[in-house]
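Structural data, given as structure tokens:
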């Protein structure tokens, strides 16, 4: 472990999400103490899962605070490990995040235990894209080698121990830590409760951690709070190589695919993440219904967490964009979808697998596990099925392959042909585009002295860095994992 001695200068080290999209974990070291911002899961391959078990080289005992930007598992998923790593202090987050976090982390612990049991029973989830030559027998495809045993990062008791340490904070409320250090949260517009973290020392802002910045183009949540003047901005770059123009009319795209499904009496499968993407899609489906594009179709929300988060979004009307706030105030629910049914059990999910004349929103968003797999196993061989794919997919994942015209899919050890239509649906990302991120860096009274880009692939980080430098930011950095960045803090 490193020495707890405070550094001579202020330093930042990325211990995750440096050139990749998951595993956010940033350590800020100041003369007054150290703060850990986020401690998220690395996601993607089996190798990535095993990287989670090895803690970063941080002196967890000496941390002044641990701060969470929001409740997505790639930002919060390793937090229950803190107790065994020696941290005994509080976990600070917004009130909205505190509402979501218990369900997210309890679900994560259950999923880890389930995955381990599935491994020992030989029933682990499998979802791989395949490209077969015409006439090639699917039986000729070699069986997938058994995966490595999945790690068990923490148990349910460790989750409960962590949850007792949560300190829920209002947006804008200043929290004093020690020796002149303080933090406060700004609204990030990404998902319910999402924030950027503002770190002050003796009343001066030394660092801002963006978390994930929402896109005002989506129109569901209110605009991101302006960026205060700061020495350092740690800025996400998930869509640093994408523009708003890449998704000009999401409602039109969704209406088009819904009309196709209605015409053929088929099914629209929408792989979704429960927090953020699902609520965005429900809102868009409500708009589509108003315009007649859902007539004759049933809608199933096959993600219990998504239903819970939707209730929170309806309740937190102050976080909605102004047009939606006005509608809610008038008694018009912008998230109301006719003929919608939430599913809460696996048996209910199996009963409606790829049911005709239906729209099915199902987890998981990466198409790597969860109820979406049995819907895809039933639906991919059918020409009357459409799969709406949005967002980023890990390399070689099934979602990645569906976007690249794979001919077959191996789902839970069964090879099925891919005859379903696949549509790329843009405009549903909760992440700001390149020009929106750049605009946020100009939203405050002065530009950050140093910008460090995290939470994006090397390509997206590089593209955003080039844009920011072209707009006059002189010190933009893309450090590697574990690389120390020194800057002009207090």
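Residue numbers (my numbering): 945 to 1434.
No residue lacks a Cβ here, since even glycine has one placed at the ideal position from N, Cα and C.
- Item | residue 1246 - partner residues in DSSP beta bridges | Answer by DSSP bridge pairing, in chain order: 1306.
- What do you reckon, are the CB atoms on residue 1179 and residue 1103 nearer than 7 Å? The answer is no: Cβ separation not under 7 Å.
- Counting pairs of beta carbons, one from the region 1127 to 1140 and one from the region 1162 to 1171, are three or more of them closer than 8 Å? Cβ pair count under 8 Å is three or more, so yes.
- What's the gap between the Cα of residue 966 and the Cα of residue 982? So the alpha carbons of these two residues sit roughly 11 Å apart.
- Item | 7 Å Cβ shell around residue 1286 - same chain, five flanking residues per side excluded | For residue 1286, the CB contacts under 7 Å within the same chain, skipping 5 residues up- and downstream, are 1245, 1251 in chain order.
- Item | Runs of beta strand (DSSP E) lying entirely within the region 1261 to 1302, each at least 3 residues, in chain order | List check, beta strand (DSSP E) in window: 1284 to 1286.
- Item | DSSP-derived helix/strand/coil call for residue 1382 | Here DSSP, grouped into helix, strand and coil, assigns residue 1382 to helix.
- Message: Is there a C-beta anywhere in chain C that falls below 7 Å from the one on residue 1080?
- Response: Of the chains in the structure shown, none is chain C; there is only one protein chain.
- Task: Keeping to the same chain, check which residues put their C-beta closer than 6 Å to that of residue 1161; ignore five residues upstream and five downstream.
- Result: 1188.
- Quick one: what's residue 1430 bridged to in DSSP? Assignment of beta-bridge partners to residue 1430 by DSSP yields 955.
- Message: So, with DSSP's three-state summary, where would you put residue 1256?
- Response: It is helical.
- Message: Here's the rule: buried if 16 or more other CB atoms are within 10 angstroms of the residue's CB, otherwise exposed. What is residue 948?
- Response: Bear in mind that a pLDDT of 39 at residue 948, under 50, signals an unreliable position, so the number given afterwards is only what the model happens to contain. Here residue 948 is exposed, its C-beta having fewer than 16 other C-beta atoms within 10 Å.
- Item | Cβ neighbours of residue 1100 in the same chain (closer than 6 Å, five flanking residues each side left out) | The residues are 1053.
- Minimum length 4: unbroken alpha helix (DSSP H) runs contained in the region 1052 to 1112: Fully enclosed alpha helix (DSSP H) runs of 4 or longer: 1100 to 1107.
- Outcome for residue 993 when other beta-carbon atoms lying within 10 angstroms are tallied against a minimum of 16: It counts as buried.
- Query: What is the DSSP secondary structure of residue 1020, counted as helix, strand or coil?
  - Reply: In the structure shown, residue 1020 sits in a helix (DSSP, three-state: H, G or I).
- Considering residue 1130, what are the terminal residues of the beta strand (DSSP E) in which it resides? Looking at the DSSP string, the run of the beta strand (DSSP E) that includes residue 1130 is 1125 to 1131.
- Query: What residues in its chain sit with their C-beta under 8 Å from that of residue 1501, if we drop five residues either side in the sequence?
  - Reply: There is no way to answer for residue 1501, as the model of the chain reaches only from 945 to 1434.
- State the Cα-Cα distance for the pair residue 1387 and residue 1430, rounded to the nearest angstrom. One C-alpha to the other measures close to 24 Å.
- Message: When you compare the CB positions of residue 1311 and residue 1342, do they come within less than 7 Å of one another, or not?
- Response: Using a Cβ distance threshold of 7 Å, residue 1311 and residue 1342 count as a contacting pair.
- Query: If you follow the alpha helix (DSSP H) that residue 1387 is part of, which residue opens it and which one closes it?
  - Reply: According to the DSSP assignment, residue 1387 belongs to no alpha helix (DSSP H), since it is labelled neither H nor E.
- Which residues in the same chain have their Cβ closer than 7 Å to the Cβ of residue 1208, if we skip the five residues on either side of it in sequence? The answer, listed in chain order, is 1328.
- Item | Among 1184, 1358, 1359, nearest to residue 1412 - alpha-carbon criterion | Between residue 1412 and the set 1184, 1358, 1359, the nearest pair of CA atoms involves 1184.
- Message: Just to confirm the assignment: which complete alpha helix (DSSP H) runs, minimum length 4, are found wholly within the region 955 to 1001?
- Response: The region 955 to 1001 contains these whole alpha helix (DSSP H) runs: 990 to 995.
- Message: As a quick exercise: from 1026, 1218, 954, 1091, pick the residue whose alpha carbon is nearest that of residue 1306.
- Response: If we check each option's Cα against that of residue 1306, 1218 comes out closest.
- Query: Between 1372, 1058, 1057, which lies nearest to residue 1198 when the distance is taken from Cα to Cα?
  - Reply: Residue nearest to residue 1198 within the set 1372, 1058, 1057 is 1372 (criterion: CA-CA distance).
- Nearest to residue 1092 by alpha carbon, out of 1122, 1061, 1106, 1098? Looking at the Cα atoms, 1061 is the closest of the given residues.
- Message: Taking a contact to mean a Cβ-Cβ separation below 7 Å, would you say residue 1153 touches residue 1135 in this structure?
- Response: No; because the gap between Cβ atoms is not below 7 Å, this pair is not in contact.
- Query: Taking the alpha carbon of residue 1082 as the point to measure from, which residue in 1156, 1359, 1294 has its own alpha carbon closest?
  - Reply: Comparing Cα positions, the closest option is 1359.
- Is residue 1014 closer than 7 Å to residue 1116 when the C-beta atoms are compared? Residue 1116 places its beta carbon 7 Å or farther from that of residue 1014.
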